[in-house]
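Please read the structure below before turning to the comments.
Number of protein chains: 2
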Amino acid sequence: MKLTPPALLWRVANRKQIFYLLDCKEKGLPMYETLKQRIKCPELHEKIRSSSEAASYITPGMTIGVSGFTLSGYPKEVAKALAERSHRGEKLELTVYSGASLGDDFDGLLTRAGALKCRMPYQTNTDLRNAINEGKVKYVDLPLSLMSKWVRSGYLNHIDVALVEASSIDENGNIIPTASVGASEAYVACADKVIVEINTYVPENIKGIHDIYMTELAPNTKPIPLTKVADRIGTPYIPCDPSKIVAIVQSEIPDCGIPETAGDEDYNKMSENLISFLEKDVEAGRLCNPLPPIQAGIGAVSNAVLSGLQKSKFEHLTVYSEVMQDSLVDLIECGKVDAASATAITMSKEKMKAFFEKLDSLKGKIVLRPMEISNSPEVIRRLNVIAINTIIEADLYGNTNSSYVGGSRLMNGVGGSGDFCQNGGLSIFITKSTAKNGTISSIVPLVSHIDHTSKTVQVIVTEQGVADLRGLNVIERAHAIIDNCAHPKFRPALEKYLRKASVLSDYPAYPYSVEAAQMFHGSV
Amino acid sequence: MKLTPPALLWRVANRKQIFYLLDCKEKGLPMYETLKQRIKCPELHEKIRSSSEAASYITPGMTIGVSGFTLSGYPKEVAKALAERSHRGEKLELTVYSGASLGDDFDGLLTRAGALKCRMPYQTNTDLRNAINEGKVKYVDLPLSLMSKWVRSGYLNHIDVALVEASSIDENGNIIPTASVGASEAYVACADKVIVEINTYVPENIKGIHDIYMTELAPNTKPIPLTKVADRIGTPYIPCDPSKIVAIVQSEIPDCGIPETAGDEDYNKMSENLISFLEKDVEAGRLCNPLPPIQAGIGAVSNAVLSGLQKSKFEHLTVYSEVMQDSLVDLIECGKVDAASATAITMSKEKMKAFFEKLDSLKGKIVLRPMEISNSPEVIRRLNVIAINTIIEADLYGNTNSSYVGGSRLMNGVGGSGDFCQNGGLSIFITKSTAKNGTISSIVPLVSHIDHTSKTVQVIVTEQGVADLRGLNVIERAHAIIDNCAHPKFRPALEKYLRKASVLSDYPAYPYSVEAAQMFHGSV
């Protein structure tokens, strides 16, 4: 690192900066000038710290609110410093509130270091999941739309420190996030202290992609003035009182990214079934054309659906979702999608690099919002969003399970799917009809855990077909699901359950039997 | 009935009116002049029909959209005429969409007559419930906030005839409802034909209590401009093209009303527990004071809660609910409640009569809205509504059952409780800790049917105490519920379940066992 004489002097005058510089040197950390350029508020230059110094503001038992959503835009350097302290024997017992899932270099690292006491409101990390299932880390899975409000209302812990990744800080100390917003605006607003990790890997011209709107709390809440996906209703930064910023850390570590997922014949079939269902609903006048905005998660299923749309007749698509992945960027680039709104952009490291390179051309069609807005029941219902979510299993009553395998083993959590399926114009759940190489049916008599009740499940799609449950009663739903969604090899056993349950139940309108359901699992 | 000569002439000119008059005479029906006074649009006077003539527009297999919500404001005369036809052997096979539950002189009458094929989206009638449970009438229980939108979007049947009770018709043919709105505005808008029952028992000065606001459908939906309980954002009438009105029928039958419910010591204790919990939440700064608007259902529990509030320190209360009952009117009269919004007013016949007498003095504080607005997720979340709903049972995980006894026997349905508990600022469920004279625990290991998942259940109140589940994980929730809500005599068995489930489950963080749950029911 080359130091200009004034900068050198300035740092000499600031003892902490010397340690920072030594730390940089030791770790081969670079680019002080780049970092300074990213901090447009000169008085904040003196808050530049090493990651370990910054981490020193986080003391045992604290609750920290961190940026990050679906492995995107989470802080990395301070996490390393915290993990080191924990490995050195310090009992940190941290409560970490995030947007949603964080990368392994945060959630995995801190779990393995034994630094976590409690984690909310969502995660997807293998080591953290295991620690949660073993009862070593407390986990509370909350509808994502509520997190910001609950923190601000004092329903949860007070936020001692907000730790957020940023691409830059503006002239007034406001924070420009990186590839996700999550609940950072709430954590920054509520925290006693703010630590910012400026990630110079993320291009500075990401500024302008964000739209930060904070709702008031009751009794002053106003309508959210958002009526179109592309509407900008807030500021391009997270408002921040610069006096709350206690440390700014440099990072240049890319988000861990998600592995690229390969589709298969089943996924393509699921996508085809879904799209042909949407086409029919448009034909029947039940859906408008252009379609209402689409919400889809990340992963292979979602990729298949979005890729399918690329080949479909639908034009002028829009997306109002939690998270955007690379297939969506492809749809924007090929002109199929006019506008997309989410709270995070998540893709593989390579795709993310390419995305950053073409940021200027894409930015006009993408808005990143706080998850309170991306997942807002108000906006989702207003826009009539088509909610497409994946599940572990569905039952014959139309209940779905998206979080606990066998009723007890946590996979990830419910995340924002409830926000979308309860309020969307159409709530679609999609799954392969079988799991574990075809040995297990994803359509079961009774799901072992209910995340979404039949009231919020309107359509189920598998590679076998589509069950449109709107306006059907219990018996009709059961038959629609067996006939259209179950794998043929499991249909006889499911029908047998239904017959047995009808016999065992006193009320023919609602055949229901735990015993018969258990026999189903034994019989197939 | 005394006829003035011009009226006589006019009627002679209108053959149908003669039949009407004959019919009136035959049945002793009165007050043609009163009826005419209620129809301010003179061209509609010639649409006055006998109930059986009006009913003739309803033919077998039709779908009719009727007014009425919680036994209030439903049509009565045409129902009688339809039941007569059915008793005479006509196979009507009607699909009836309503606001919510209708009186026995509609739902019960048509069920006993065998005239119903399908009923949506809610009911509470004994005979209808039995017919549904026996599989004789199809029933689909839908979140009430969705009904209007689903009908208008074509997700459900086309409305052949809208059949609505009114207090009057204005100069332009618009309809002024009686004591409920429900989804009438949507049914009138979508129907091919409209039949109006003008109920002269309801005073005409009820005009002005209603506020009819219809949302647009996507992609034109706008924010609902409602930020305070008392806001009026629509018209005092249901817009109606008079050319759609095919018949106007006179009725003077009061709503069947609900029986007055007596509280008991347990109910008072539940109310005290709830109010002391709210007081603590205000003290802790989690709730504002004056409290956010309250939603409470009808019945003894709700009455006890509202009566408790009368004695509490809370002032300037507001109510944003589906339904208002007499205890709420008492609260308004004693000055505790500043404003109340609902889609229906329901009380005993006597109380309703008294209410009508003091309408002018109460009207300024009450707004009756379409159920799409009273139950709007957007408005409920914005106002931070305190949602208080009753349940059949709750389990240790925080799931609740409000619709199916034993998982199979329908009680009523979920109604609007999901709209409120998913979106309210605080979602409270309230139940006695035991049922069947203390022989059964309302707190169980696993509920037999899930209407509200743990994600939407934040507080459980019984006469034993309050379990505040916010921010708790699975194990903490279970202990909070056992320790605070379960009856002491069932606590050992519930703890035993938890211990057994912990042993039987591979994942200590989520003790779960269907077998152990079944043993619980055997052991107590």
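Sequence order for the protein chains is A and B. Letter 367 of the first sequence, counting from 1, is numbered 367 in the numbering used here, and no numbers are missing. Letter 479 of the second sequence, counting from 1, is numbered 1479 in the numbering used here, and no numbers are missing. Every residue gets a Cβ at the ideal spot worked out from N, C-alpha and C, and that includes glycine. These numbers come from a predicted model, not from an experiment.
State yes or no: is the C-beta of residue i within less than 7 Å of the C-beta of residue j?
i: VAL1542 of chain B; j: LEU1317 of chain B; result: With chain B represented from 1001 up to 1524, any question about residue 1542 of chain B goes unanswered, as that position is not in the structure.
i: SER56 of chain A; j: VAL78 of chain A; result: no
i: LEU1410 of chain B; j: ILE1132 of chain B; result: yes
i: LYS193 of chain A; j: VAL161 of chain A; result: yes
i: SER1502 of chain B; j: PRO1492 of chain B; result: no
i: VAL461 of chain A; j: ILE430 of chain A; result: yes
i: CYS1240 of chain B; j: ASN1199 of chain B; result: no
i: ASN1375 of chain B; j: THR1453 of chain B; result: no
i: ASP170 of chain A; j: TYR213 of chain A; result: no
i: TYR973 of chain B; j: LEU1383 of chain B; result: Here chain B covers residues 1001 to 1524 and nothing more, so residue 973 of chain B does not appear.
i: ALA459 of chain A; j: ILE440 of chain A; result: Per the sequence presented here, residue 459 of chain A reads as Val, with Ala not at that position. No. Outside cutoff.
i: GLY1416 of chain B; j: ASP1141 of chain B; result: no
i: SER1433 of chain B; j: ALA1486 of chain B; result: yes
i: PRO445 of chain A; j: LEU504 of chain A; result: no
i: ARG369 of chain A; j: ASN423 of chain A; result: no
i: ALA1342 of chain B; j: VAL1329 of chain B; result: no
i: SER1098 of chain B; j: VAL1066 of chain B; result: yes
i: ILE1176 of chain B; j: SER1168 of chain B; result: yes
i: THR1095 of chain B; j: ILE1159 of chain B; result: no
i: SER271 of chain A; j: VAL305 of chain A; result: yes
i: ARG286 of chain A; j: TYR1032 of chain B; result: no
i: ASN205 of chain A; j: THR261 of chain A; result: no
i: PRO1060 of chain B; j: LYS1091 of chain B; result: yes
i: GLU134 of chain A; j: LYS117 of chain A; result: no
i: PRO254 of chain A; j: TYR187 of chain A; result: no
i: ASN1289 of chain B; j: TYR139 of chain A; result: no
To the nearest whole angstrom, what separates the beta carbons of residue i and residue j, a pair I think is in contact under 8 Å?
i: ALA1115 of chain B; j: ALA1083 of chain B; result: 6 Å
i: SER348 of chain A; j: GLY257 of chain A; result: 5 Å
i: ASN273 of chain A; j: GLY465 of chain A; result: 6 Å
i: VAL1164 of chain B; j: VAL1196 of chain B; result: 6 Å
i: LYS1455 of chain B; j: PRO143 of chain A; result: 6 Å
i: ILE1233 of chain B; j: PRO223 of chain A; result: Rounded, the Cβ-Cβ distance is 11 Å, inconsistent with contact.
i: SER1145 of chain B; j: ASP1451 of chain B; result: Not really, about 15 Å apart at Cβ, beyond 8 Å.
Which one or two residues does DSSP pair with residue i in a beta bridge?
i: ILE248 of chain A; result: A:ILE48 and A:VAL196
i: ASN389 of chain A; result: A:PHE429
i: PHE1277 of chain B; result: DSSP, once it has assigned bridges, lists no residue as partnering PHE1277 of chain B.
i: SER1341 of chain B; result: B:TYR1320 and B:VAL1367
i: MET1120 of chain B; result: B:TYR1097
i: ILE209 of chain A; result: In DSSP, ILE209 of chain A forms no bridge with anything.
i: PHE69 of chain A; result: A:SER72
i: ARG1409 of chain B; result: B:VAL1405
i: GLU165 of chain A; result: A:GLU197
Rounding to the nearest angstrom, what Cα-Cα distance links residue i and residue j in this structure?
i: LEU362 of chain A; j: ALA340 of chain A; result: 10 Å
i: ALA394 of chain A; j: ALA296 of chain A; result: 18 Å
i: SER494 of chain A; j: GLU1372 of chain B; result: In the sequence as presented, Ser is not what sits at residue 494 of chain A; that position holds Leu. So the two alpha carbons sit approximately 37 Å from each other.
i: ASP1266 of chain B; j: GLU1279 of chain B; result: 20 Å
i: PRO1203 of chain B; j: ILE1388 of chain B; result: 31 Å
i: ASN125 of chain A; j: THR346 of chain A; result: 15 Å
i: SER72 of chain A; j: SER180 of chain A; result: 6 Å
i: ASP1104 of chain B; j: LEU1110 of chain B; result: 9 Å
i: GLY1089 of chain B; j: PHE1355 of chain B; result: 41 Å
i: ASP506 of chain A; j: PRO1293 of chain B; result: 41 Å
i: ARG1608 of chain B; j: ASP1127 of chain B; result: Chain B is shown only over 1001 to 1524; residue 1608 of chain B falls outside these bounds and no answer can be derived.
i: ILE475 of chain A; j: PRO508 of chain A; result: 9 Å
i: ALA467 of chain A; j: VAL137 of chain A; result: 39 Å
i: ALA480 of chain A; j: GLU1053 of chain B; result: 40 Å
i: TYR122 of chain A; j: LEU1044 of chain B; result: 60 Å
i: SER1442 of chain B; j: CYS1421 of chain B; result: 19 Å
i: GLN1518 of chain B; j: ILE58 of chain A; result: 47 Å
i: LEU1359 of chain B; j: VAL1367 of chain B; result: 12 Å
i: GLU515 of chain A; j: ARG477 of chain A; result: 21 Å
Meets three-Cβ-pair contact criterion under 8 Å: the region 245-257 of chain A and the region 399-409 of chain A | As far as the Cβ criterion goes, the region 245-257 of chain A does not touch the region 399-409 of chain A, which means the pair count is below three.
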